[in-house]
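Numbering (the UniProt record's numbering), first residue to last: 1 to 465.
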């Protein structure tokens, strides 16, 4: 009996030693009870370097035990906490003794939090940080003040999402960020806030001349003009990635955006969105995009606008290196734009959101779609259009295709050529989505034909009919 007790003690000692020396943890927490249980276990680890926790139950309401659980860990390099879409209301979850972080990731979006001052206070003590990601979208925070910035000489990447909060002033924030002279990536979301003046944001960005990636989301705002912002961005001549969104704003002129692009000749990735705006003319924008000879990825969203897209055809003729193209088109979309797509021999992904447009045919594109041999991802969305015929007889030429989505719902579609025959020949296809609601093809007989073809695909993981 004594030997058994000794053995158990030794096993516990060994387990404790093993736990105390563990350096890397990645856990998923499934409910509130598990929060308490796992935090007790976590408190045994004293040498953690990397901790990743994902709280996935929407009913979780308290993760503050985390603070005590990692109180004993002296060394931290990476801390990643994901607790989005939960009921938590207290962000006081990080102990103040942590001072060695180089990467920090915190997602508390869609929660009840009102104050993140504790988080900012802790960050102020981690001057070796190279990357910060904070997502507070759809929370109750009213302000955000950021760091004693002069300490953060190594910070390369900053992400702050505060969309749909009560924030109404970012002057102090932008002033602080403007001093992060080594910043290479900046990603901001102020959509759906009370912010109206972008002058301070423009002044901030013009000082960050080492930026390589910039994302600014300003959807659902009252924007009088974007001149100051565009002028600021124009100084970031090293930018490779640029995302700007102005969806559902009162913006009525984007000429300044076109003028900006001529300064950014290193752009490889460009995502511009201005759907549901008052913009009526985008020729200058499209023309300047045509000068971006290094561009590999282009995403444009101009749904629910009155612009003409005719000049878009000409820029696709000019740029020959596009690998990824996404177009979300307005009602009077010019079909000739589609004619230029097959010339993009390097294309790997194509998303055409032509839903609710006046187009009546995509067959000129579909007749030549097989020329895009490198294509891996293809979405053809033509719901609620006047398209009556779809030629799919060249799809099997896309032997690198992994994902295929076709939406013909609510169309007067009369004829689909070759889809059921071609599907089974796309060897590496692993995802297929087909929506034919409110058409003659939404029936069991046609779906059974599709399913029979899909059975031939060795790598298919998912399909929706």
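All residues carry an ideal CB built from backbone N, CA and C; glycine is no exception.
To the nearest angstrom, how far is the alpha carbon of residue 32 from that of residue 235? The alpha-carbon of residue 32 is positioned some 49 Å away from that of residue 235.
Going by CA-CA distance only, name the one from 189, 170, 30 that's closest to residue 56. 30
Which residues does DSSP list as the beta-bridge partners of residue 54? 28, 82
Helix, strand or coil: how does DSSP classify residue 281 here? coil
Rounded to whole angstroms, what is the Cα-Cα separation between residue 109 and residue 93? A direct Cα-to-Cα measurement between residue 109 and residue 93 gives close to 15 Å.
Rounded to the nearest angstrom, how far is the Cβ of residue 371 from that of residue 340, given a contact under 8 Å? Not really, about 12 Å apart at Cβ, beyond 8 Å.
Kindly indicate which residue of 105, 331, 342, 250 has the alpha-carbon position closest to the one of residue 131. 105
Span of the beta strand (DSSP E), counted from its first residue to its last, around residue 431: 431-435
Span of the alpha helix (DSSP H), counted from its first residue to its last, around residue 364: 363-368
From residue 313 to residue 265, what does the alpha carbon distance come to, in whole angstroms? In this structure, the alpha-carbon of residue 313 lies about 20 Å from that of residue 265.
Can you confirm whether the segment 160-167 touches the segment 184-194 when touching is taken to mean that 3 or more C-beta pairs between the two stretches lie within less than 8 Å? As far as the Cβ criterion goes, the segment 184-194 touches the segment 160-167, which means the pair count is three or higher.
So is residue 294 buried or exposed if we call it buried at 16+ other beta carbons inside 10 Å? exposed
Do the segment 331-349 and the segment 381-390 make contact, defined as three or more Cβ pairs closer than 8 Å? At 8 Å Cβ cutoff, the stretches do not touch.
Could you have a look at residue 311 and say whether DSSP puts it in helix, strand or coil? helix
Suppose only complete runs of 4+ residues qualify. What are the alpha helix (DSSP H) ranges in the segment 401-428, listed by chain order? 419-423
Where does residue 66 fall in DSSP's three states? helix
Judging by CA-CA distance, which residue of 289, 40, 142 is the nearest neighbour of residue 170? 142
With distances taken Cα to Cα, identify the nearest neighbour of residue 51 among 223, 133, 181, 80. 80
Distance, Cα to Cα, residue 393 vs residue 194? 51 Å
Is it right to say residue 26 is buried, meaning 16 or more other beta carbons lie within 10 angstroms of its own, or is it exposed? exposed
Output the distance between the C-alpha atoms of residue 447 and residue 259, rounded to the nearest integer angstrom. 50 Å
Starting from residue 117, trace the alpha helix (DSSP H) in both directions and tell me its first and last residue. 117-123
Alpha carbons only, please: which of 356, 417, 374, 230 is nearest the one belonging to residue 402? Nearest of 356, 417, 374, 230 to residue 402, Cα basis: 374.
How would you write the range of the beta strand (DSSP E) that residue 134 sits in, first residue to last? 131-135
Among 168, 183, 219, 213, the one whose alpha carbon lies nearest that of residue 200: 168
Could you have a look at residue 13 and say whether DSSP puts it in helix, strand or coil? Because residue 13 carries a pLDDT of 47, less than 50, the predicted location of this residue cannot be relied on, and the following value inherits that uncertainty. Three-state DSSP puts residue 13 in a helix.
Who are the near neighbours of residue 396 in its chain, counting only those whose CB is closer than 7 Å to its CB and skipping five residues on each side? 422, 425, 426
Assigned secondary structure, residue 441 (DSSP; H/G/I helix, E/B strand, else coil): coil
Checking 8 Å against the spacing of the C-beta atoms, do residue 277 and residue 243 come in under that value? no
Relative to the C-alpha of residue 358, which residue among 411, 378, 127 is closest? 411
When you compare each of 126, 344, 65 to residue 76 by their alpha carbons, which one comes out closest? 126
Could you say which of 442, 107, 431 lies nearest to residue 459 if we only look at CA atoms? For residue 459, the nearest C-alpha among the options comes from 431.
Nearest candidate by alpha-carbon position, reference residue 345, set 292, 285, 376: 376
Comparing the C-beta of residue 391 with each C-beta of chain D, is any distance below 8 Å? Included in the structure is just one protein chain, with no chain D present.
Minimum C-alpha distance to residue 322 - residue among 309, 343, 251: 343
Kindly give me the distance between the Cβ atoms of residue 352 and residue 379, rounded to whole angstroms, as I take these residues to be in contact under 8 Å. 7 Å
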